[in-house]
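**Q**
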Amino acid sequence: MKRLILFLVASLTSISALAALSVEGTYQGKNLYVQNPMDDEGFGYCATKVTVNGDIMPGGTSVGAFEIDFSLFNIEIGEPVFIVIEHNDGCKPKVLNPEVLLPRSTFKINSIDIDNDGNLTWSTSGEQGKLPFEVEQYRWNKWVTIGEVDGKGAGSVNNYQFKVTPHSGENTVRVTQSDHSGTKRPSQEVKFTSSTPAVSKSPTKVKNEIKFTANGAPVETRYEIYDAYGNIVKKGVGSKVNCSNLLRGVYYINFDNVNEKFIKN
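This is the structure:
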């Protein structure tokens, strides 16, 4: 009986002395490299076993550094991967290039179109990871993000749609996508002319609020307000803006598709 208790204690101690490091992402055609230090007793290496999507990596881990070769697991580019590196307690392997599993922006635009009501549609191919598409509208002499659509990240052809709220006059729209590198990849631009009436603001000298109207009636519009130093102090969408908390001075406001200056009293 005592021998059985000692065996159970030894087994539990052995189990508790193991830990695991997990990494997940999307296979992008590149392998992972792992730095594998000696264990804390100095008699062997830290990592004891590696699994990829539940399958054990062949070859073992009794080396100071090793490669996780995804070709051994018949994994296709764009497929999700989940790696578990079991290791001894008191030490920890280090994955040297985990960024290779982050999704990259690889989409190609097959077609992109928008009608005069602002219905934007586009078709892509070549996506290898789920990344959002940002919809941008050119106004106020810059590109403004007006919405986001989740990328599907798989399949030979993917179709998307988004409803653009137009400003008056000619509208220019595009979609963009960015990955971990920080590089923004834009589509070609599409244009349409809206029948939306031009928006006016009042008053010129502001005390408590700014109101937006079109053809004499209140109307919602996207807006941005900057102080004299170029700092943005308010932005949003609405038919009026509460300005009671703004300090006195000169401000600049973007709304509809125009820029104006106003004075806060």
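Quick note on numbering: the numbering used here labels position 59 of the sequence shown as 102, and the sequence is numbered without any gaps. Idealized CB from N, CA, C, for every residue including glycine. As the structure is a prediction and not an experimental result, all values here were calculated from the model.
(1) Determine the burial state of Gln231: buried for a count of at least 16 other Cβ atoms within 10 Å of its Cβ, exposed for fewer.
(2) Kindly indicate which three-state DSSP category Leu51 falls into: helix, strand or coil?
(3) Per the DSSP calculation, Arg228 is bridged to which residue(s)?
(4) What residues are listed by DSSP as bridge partners for Glu110?
(5) Decide if the region 262-277 is in contact with the region 216-235; the criterion is three or more beta carbon pairs, one per stretch, under 8 Å apart.
(6) In terms of alpha-carbon separation, which member of Val143, Asp160, His130 and Leu163 lies closest to Gly172?
(7) Can you tell which of Leu139, Glu119 and Asp132 has its C-alpha closest to the C-alpha of Glu110?
(8) Counting only runs of 3+ residues fully inside the region 225-307, write out the beta strand (DSSP E) ranges in chain order.
(9) What does the Cβ neighbour count give for Gln204, buried or exposed, with the cut at 16 atoms within 10 Å?
(10) Drop a sphere of 10 angstroms on the beta-carbon of Gly121, count the other beta-carbons inside from all chains shown, and report buried for 16 or more, exposed for fewer.
(11) Assuming Trp183 is part of the beta strand (DSSP E), what are its boundary residues?
(12) Please determine if the region 94-114 and the region 125-140 are in contact, where contact requires at least 3 C-beta pairs separated by less than 8 Å.
(13) Is the CB-CB distance between Leu163 and Pro146 below 8 Å?
**A** Result, derived from the coordinates:
(1) exposed
(2) Any reading at Leu51 must be qualified, since the residue scores a pLDDT of 30, below 50, and its modelled position is unreliable; no value is offered.
(3) Gln220
(4) Tyr76
(5) no
(6) Val143
(7) Leu139
(8) 227-229, 233-237, 243-245, 252-257, 264-270, 275-281, 283-285, 292-298 and 301-307
(9) exposed
(10) buried
(11) First-last for Trp183: undefined, no H or E at that position.
(12) yes
(13) no
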